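Numbering (my numbering), first residue to last: 236 to 453. Report on the structure given below.
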Amino acid sequence: MENEYYPYINLPLPYEYDALEPFIDKRTMMIHHDKHLQTYINNLNDALKDCPMLQRLSLAQLIRKSACLPQNMQTVIRNNAGGVYNHRFFFDLLINPAEERPCGKLAAAIDCNFGSYEQFKSAFEKAALSVFGSGYAWLVLRNGRLRIVTTQNQNNPIEWGMCPILAIDVWEHAYYLKHYNVRADYIEDWTQVINWSQAECNFQTSMGCVKSISKVMQ
Ligand code: MN3
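In structure tokens form, the structure reads like this:
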């Protein structure tokens with residue numbers, strides 16, 4: 236990930252604000268990226284400005300170590316390092332036009348773990364719909380297997396040793412302007428703009444990590 240150390244800056248989206256129309260609208264993308272993500276970046280820089288030790292940790296390391304931080308820092312780091320990581324991860328997984336379904340090794344792993352892409356899609360949509368309040372649904376790799384998990388707020392599954400492959404932001408700010416309160420419609424539209432090549436890349440990187448860890452363990 237680019238710019239993974241303090242001071243954090245708001246990297247531009249890898250596409251135009253209106254690139255995901257008609258599935259995700261331009262105004263939502265502008266506010267989501269320029270206002271919401273910017274706020275997490277400002278808050279994270281502010282939280283780290285007097286902590287040279289923490290400035291040396293990468294964004295992912297901050298999240299992984301958040302439970303070991305002093306009590307007064309835990310929540311602020313979990314919320315804001317998570318807010319930066321999760322939004323970058325989510326935005327990087329969107330593209331239009333998108334491929335209809337996963338490809339390559341990820342497609343095979345999805346078939347193997349969930350039966351078929353259609354079964355995966357239905358389970359993932361159900362999980363995304365089930366998040367109470369604000370949070371995310373994730374496809375993760377855990378112990379070499381694909382799983383669907385959900386998190387609250389800006390929590391991130393890397394804190395619990397999982398490798399994220401795909402994520403949907405189901406905070407209302409991600410869809411309210413276009414889809415109002417109908418999260419199910421937003422989820423359906425989101426499935427039309429998934430960057431499956433990026434998901435495949437995340438999967439292969441994660442599989443590479445699992446293999447190198449198991450080699451060390453042998
Ligand atoms: Mn968001």
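For each residue, glycine too, the CB sits at the ideal point set by N, CA and C. All of these numbers come straight from a predicted model, not from anything done at the bench.
Short check: CB of residue i to CB of residue j, under 8 Å?
| i | j | result |
| --- | --- | --- |
| residue 261 | residue 253 | yes |
| residue 383 | residue 358 | yes |
| residue 276 | residue 245 | yes |
| residue 431 | residue 337 | yes |
| residue 402 | residue 324 | yes |
| residue 316 | residue 309 | no |
| residue 433 | residue 341 | no |
| residue 405 | residue 363 | yes |
| residue 294 | residue 239 | yes |
| residue 370 | residue 386 | yes |
| residue 258 | residue 439 | no |
Could you compute how far the alpha carbon of residue i sits from the alpha carbon of residue j?
| i | j | result |
| --- | --- | --- |
| residue 400 | residue 284 | 31 Å |
| residue 307 | residue 429 | 37 Å |
| residue 461 | residue 280 | Here the chain has residues from 236 to 453 only, and residue 461 is not among them. |
| residue 334 | residue 346 | 17 Å |
| residue 412 | residue 391 | 25 Å |
| residue 291 | residue 297 | 9 Å |
| residue 264 | residue 437 | 23 Å |
| residue 318 | residue 272 | 7 Å |
| residue 414 | residue 311 | 30 Å |
| residue 286 | residue 354 | 46 Å |
| residue 377 | residue 389 | 19 Å |
| residue 422 | residue 241 | 33 Å |
| residue 435 | residue 299 | 23 Å |
| residue 465 | residue 410 | Lying before the first or after the last residue shown, residue 465 is absent from the chain, which here runs from 236 to 453. |
| residue 379 | residue 326 | 25 Å |
| residue 444 | residue 255 | 32 Å |
| residue 375 | residue 420 | 23 Å |
| residue 394 | residue 249 | 26 Å |
Determine the burial state of residue i: buried for a count of at least 16 other Cβ atoms within 10 Å of its Cβ, exposed for fewer.
| i | result |
| --- | --- |
| residue 398 | buried |
| residue 247 | exposed |
| residue 320 | buried |
| residue 408 | exposed |
| residue 504 | The requested residue 504 is not part of the displayed model; the chain covers only 236 to 453. |
| residue 274 | exposed |
| residue 251 | exposed |
| residue 365 | exposed |
| residue 228 | Nothing about residue 228 can be read from this structure; the chain reaches only from 236 to 453. |
| residue 373 | buried |
| residue 313 | buried |
| residue 237 | exposed |
| residue 351 | exposed |
| residue 343 | exposed |
| residue 282 | buried |
Does any CB atom of chain B fall closer than 8 Å to the CB of residue i?
| i | result |
| --- | --- |
| residue 433 | The question asks about chain B, but that chain is absent: this structure has only one protein chain. |
>> Quick check on the DSSP output: what are the complete alpha helix (DSSP H) runs of length 4 or more inside the segment 240-270, in order along the chain?
In response: 261-265
>> Can you tell me which residues fall inside 6 Å of the ligand MN3, judged by beta-carbon distance to its nearest heavy atom, and keep chain order?
In response: 267, 271, 322, 404, 406, 408 and 409
> Where are the alpha helix (DSSP H) runs, 4 residues long or more, that stay fully inside the segment 371-452, in chain order?
Replying inline: 411-414, 418-425 and 431-452
> Which residue spans inside the segment 272-329 form an unbroken beta strand (DSSP E) run of at least 3?
Replying inline: none
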